[in-house]
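K.L.:
Convert by adding 2 to the 1-based position in the sequence shown; the result is the number in the numbering used here. We put the beta carbon where it would ideally sit given N, CA and C, even for glycine. Have a look at the structure that comes next, please.
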Amino acid sequence: MMDRVVMDKAALESFIKEQFPQVDGDFAVEVVTAEGCIVRLLTAERHLRPGGTVSGPSMFALVDVGMYLAILSRIGPKGLSVTTNCSIDFMRKPESGRDLICETRLLKLGRVLAVGDCLIRSEGSEEVVARASLTYSIPPER
Numbered sequence: 003m004m005d006r007v008v009m010d011k012a013a014l015e016s017f018i019k020e021q022f023p024q025v026d027g028d029f030a031v032e033v034v035t036a037e038g039c040i041v042r043l044l045t046a047e048r049h050l051r052p053g054g055t056v057s058g059p060s061m062f063a064l065v066d067v068g069m070y071l072a073i074l075s076r077i078g079p080k081g082l083s084v085t086t087n088c089s090i091d092f093m094r095k096p097e098s099g100r101d102l103i104c105e106t107r108l109l110k111l112g113r114v115l116a117v118g119d120c121l122i123r124s125e126g127s128e129e130v131v132a133r134a135s136l137t138y139s140i141p142p143e144r
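Written out as structure tokens, the structure is:
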């Protein structure tokens, strides 16, 4: 696995702003770590389901964006890297009125596949709200 960070927080946020403006403003990169990165869902009314909790699709988007950014932080701006598998376990209701924090950890970063895990917590809480395992396909060099 590449241990070297090639895109830092500022580069990742710039990439999202330029390449994926449709999600710009929903997510913030907190930090690029030795293992992956930490990404925040800036929770807003549009992320809630009836009952006031963050929706499953919003949590899925958080783990998907989090892993995507963790991979790009190591391989650079290869926008065509895509999710090939995701398994997510919703473990408890997120705390009301708080952003969600996703900690990503790359387990394998090969030439064509990347595998990683994510943990989601409500801001300020140690309890895990959801966990996910993802596999990404990395486009070949041209």
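(1) Please report how far the alpha carbon of Ser60 lies from the alpha carbon of Pro96, in whole angstroms.
(2) Report the residue from Leu82, Glu15 and Gly58 whose alpha carbon sits nearest the alpha carbon of Val34.
(3) Which of the three DSSP states, helix, strand or coil, is assigned to Ala36?
(4) Which class does Asp119 belong to by DSSP, given the choice of helix, strand or coil?
(5) Figure out for me which residue from Asp26, Glu32 and Cys88 has the closest Cα to the Cα of Phe62.
(6) Closest by CA to Thr2, which one among Pro79, Thr137 and Ala30?
(7) Going by DSSP, name the residue or residues bridged to Ala132.
(8) So what's Val65 in DSSP terms, helix, strand or just coil?
(9) Going by DSSP in three states, Arg107 sits in which element: helix, strand or coil?
(10) Assuming Ala132 and Met93 form a contact by the criterion Cβ under 8 Å, report the distance between their Cβ atoms to the nearest whole angstrom.
(11) Between which two residues does the alpha helix (DSSP H) holding Glu20 run?
P.N.:
Reading it off the structure:
(1) For the purposes of this step, residue 60 is identified with residue 58 of the sequence shown, where counting begins at 1. For the purposes of this step, residue 96 is identified with residue 94 of the sequence shown, where counting begins at 1. Spanning the two alpha carbons is a distance of roughly 12 Å.
(2) As a first step, residue 34 must be located in the sequence shown, where it is residue number 32. Of Leu82, Glu15 and Gly58, the residue nearest in Cα terms is Glu15.
(3) One-based indexing of the sequence shown puts residue 36 at position 34. Of the three classes helix, strand and coil, the one that applies to Ala36 here is coil, per DSSP.
(4) Along the sequence shown, one-based indexing puts residue 119 at 117. Assignment of Asp119 by DSSP, reduced to helix, strand and coil, places it in the strand class.
(5) One-based indexing of the sequence shown puts residue 62 at position 60. Out of Asp26, Glu32 and Cys88, Cys88 has the C-alpha closest to the C-alpha of Phe62.
(6) Beyond the ends of the chain as shown, which are 3 and 144, falls residue 2; an answer cannot be given.
(7) The residue you call residue 132 lines up with position 130 of the sequence shown. DSSP output for Ala132 lists Phe92 and Ile122 as bridge partner(s).
(8) To locate residue 65, count along the sequence shown from 1; it is residue 63. In this structure, Val65 counts as helix in the three-state DSSP scheme.
(9) Indexing the sequence shown from 1 puts residue 107 at position 105. It is a strand residue.
(10) Numbered from 1 along the sequence shown, position 130 holds the residue referred to as residue 132. Numbered from 1 along the sequence shown, position 91 holds the residue referred to as residue 93. Contact check for Ala132 and Met93: beta-carbon distance about 6 Å, within the 8 Å limit, so the pair qualifies.
(11) In the sequence shown, the residue the question calls residue 20 occupies position 18. From DSSP, the alpha helix (DSSP H) with Glu20 extends over Lys11 to Gln21.
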